[in-house]
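Notes follow the structure.
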Amino acid sequence: MTLTTCGALLAAAAGCERKADAAQGRDLFASTCARCHGADGNGGVALFDGGPSSRNFRDHTFQKDRTDEQIKLTIMNGKGTGMPAFGATFTEAQLYALVAHVRSLDSGETKKP
Ligand code: HEC
0 MTLTTCGALL
10 AAAAGCERKA
20 DAAQGRDLFA
30 STCARCHGAD
40 GNGGVALFDG
50 GPSSRNFRDH
60 TFQKDRTDEQ
70 IKLTIMNGKG
80 TGMPAFGATF
90 TEAQLYALVA
100 HVRSLDSGET
110 KKP
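Right, dumping it as structure tokens:
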């Protein structure tokens, strides 16, 4: 699913209000995620020596290996030692907006992390 095709996930969440979702996702990402993942999501820098890198969302290989549901669950439950669990911080609509924003960062190309 991409932002340009109105997928079932977004449709179910917000009556397919893609523009609102995109703006909300971008704002939430900038305020909450960018400090680790980078403003444009290219992450790739370990947060501490030997720590995991924060992923490159511009990498198409990463994007196609993950479902929307997996990305949503990562935001809620965290991952490994570096990715915090946001638990109930976000509403369902905010979670969908964040997933949509992460998806929008896909460059369509395979990049190095
Ligand atoms: C404190 C730093 C930090 C913050 C803040 C953070 N992340 Fe992460 N994130 C990480 C790290 C590190 C990883 C890699 C974890 C691993 O693979 O062990 C990661 C991984 C991910 C992944 C990939 C998981 C996978 O399937 O491999 C997604 C998606 C993600 N983060 C989304 C987000 C979103 C959305 C936000 C904001 C709501 C966010 N992150 C905030 C550090 C952070």
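Each step along the sequence shown adds one to the number in numbering that gives the first Met the number 0, with nothing skipped, and position 25 is 24.
Glycine included, every Cβ here is placed at the ideal spot set by N, Cα and C.
Since this is a predicted model, take the numbers as computed values, not measurements.
Residue i and residue j closer than 9 Å at C-beta
| i | j | result |
| --- | --- | --- |
| Cys32 | Gly81 | no |
| Lys95 | Lys71 | Lys is not the amino acid found at residue 95; the sequence shown has Tyr there. The answer is yes: Cβ separation under 9 Å. |
| Gly24 | Ser106 | no |
| Arg57 | Glu91 | no |
| Gly77 | Asn55 | no |
| Ala38 | His100 | no |
| Ser30 | Gly42 | no |
Which listed residue (the options) has its alpha carbon closest to that of residue i
| i | options | result |
| --- | --- | --- |
| Ile74 | Ala84, Asp67, Thr90, Ser52 | Ala84 |
| Thr88 | Leu27, Ala99, Lys110, Thr66 | Leu27 |
| Leu97 | Ser53, His59, Glu68 | Glu68 |
Residue i (DSSP reduced to helix, strand or coil)
| i | result |
| --- | --- |
| Lys78 | strand |
| Ser52 | strand |
| Asp105 | coil |
| Asp64 | helix |
| Asp58 | strand |
| Ala84 | coil |
| Phe28 | helix |
| Thr73 | helix |
| Asp39 | coil |
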